[in-house]
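Chemist: Sharing a structure here in structure tokens format.
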Amino acid sequence: FPNPFEHETSIVYELGRDADVQLRVYTVSGELVKVRNEKGVKGYNRIIWDGTNRRNKPVSSGVYLYVLEAVSGEERANARSKCSVVR
2 FPNPFEHETS IVYELGRDAD VQLRVYTVSG ELVKVRNEKG VKGYNRIIWD
52 GTNRRNKPVS SGVYLYVLEA VSGEERANAR SKCSVVR
């Protein structure tokens with residue numbers, strides 16, 4: 002939230018245990034835009050995407066897809082959704 006956003010958005014998620022978390026953001030055509038790696042803790046967490054690409058340049062207005070993946074030991078979980086950037 003917020004969605005759509007202009008400058009940044011928060012992606013909130015809940016973990017059942019501590020995990021390594023990766024956020025991957027894609028264009029609707031499948032081009033990888035941004036990767037964020039973080040340590041998530043049991044409970045509610047959030048990752049902020051500042052609307053930039055891998056070169057830290059602002060992305061264009063449009064719809065972006067994201068995959069949030071959490072890995073803890075042998076367990077792996079992922080979630081997918083979309084967000085809109087309005088410049």
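Sequential numbering of the sequence shown, starting at 2, is according to the working numbering.
Cβ coordinates follow ideal geometry from the N, Cα and C atoms, glycine included.
Along the chain, where does the beta strand (DSSP E) containing Val34 start, and where does it finish?
Modeler: Start at 1 with the first residue of the sequence shown, and residue 34 comes out as number 33. First-last of the beta strand (DSSP E) with Val34: 33-41.
Chemist: From the DSSP output, in three-state form, read off Ser62 for me.
Modeler: Taking the first residue of the sequence shown as position 1, residue 62 is located at position 61. Reduced to three states, the DSSP call for Ser62 is coil.
Chemist: Identify which residue in Leu24, His8, Glu9 has its Cα closest to the Cα of Asn79.
Modeler: As a first step, residue 79 must be located in the sequence shown, where it is residue number 78. Among Leu24, His8, Glu9, the Cα nearest to that of Asn79 is on Leu24.
Chemist: So what's Ser73 in DSSP terms, helix, strand or just coil?
Modeler: What you label residue 73 is simply residue 72 of the sequence shown in a count that begins at 1. The answer is strand: DSSP assigns Ser73 an E or B state.
Chemist: Hey, is the stretch 9-24 in contact with the stretch 55-64, meaning 3+ C-beta pairs nearer than 8 Å?
Modeler: The answer is no - the stretch 55-64 does not touch the stretch 9-24, with fewer than three Cβ pairs under 8 Å.
Chemist: What residue does the beta strand (DSSP E) around Val13 start on, and which one ends it?
Modeler: Here residue 13 refers to the residue found at position 12 when the sequence shown is read from its first residue. Counting along the chain, the beta strand (DSSP E) containing Val13 begins and ends at 10-16.
Chemist: Could you tell me whether the Cβ atoms of Gly44 and Val86 are closer together than 7 Å?
Modeler: What you label residue 44 is simply residue 43 of the sequence shown in a count that begins at 1. What you label residue 86 is simply residue 85 of the sequence shown in a count that begins at 1. No, these two residues do not count as a Cβ contact at 7 Å.
Chemist: Closest by CA to Gly41, which one among Ala71, Val34, Arg56?
Modeler: Against the sequence shown, residue 41 aligns to sequence position 40. With distances taken between Cα atoms, Gly41 lies closest to Ala71.
Chemist: Counting along the chain, where does the beta strand (DSSP E) carrying Gly44 start and finish?
Modeler: The residue you call residue 44 lines up with position 43 of the sequence shown. From DSSP, the beta strand (DSSP E) with Gly44 extends over 44-50.
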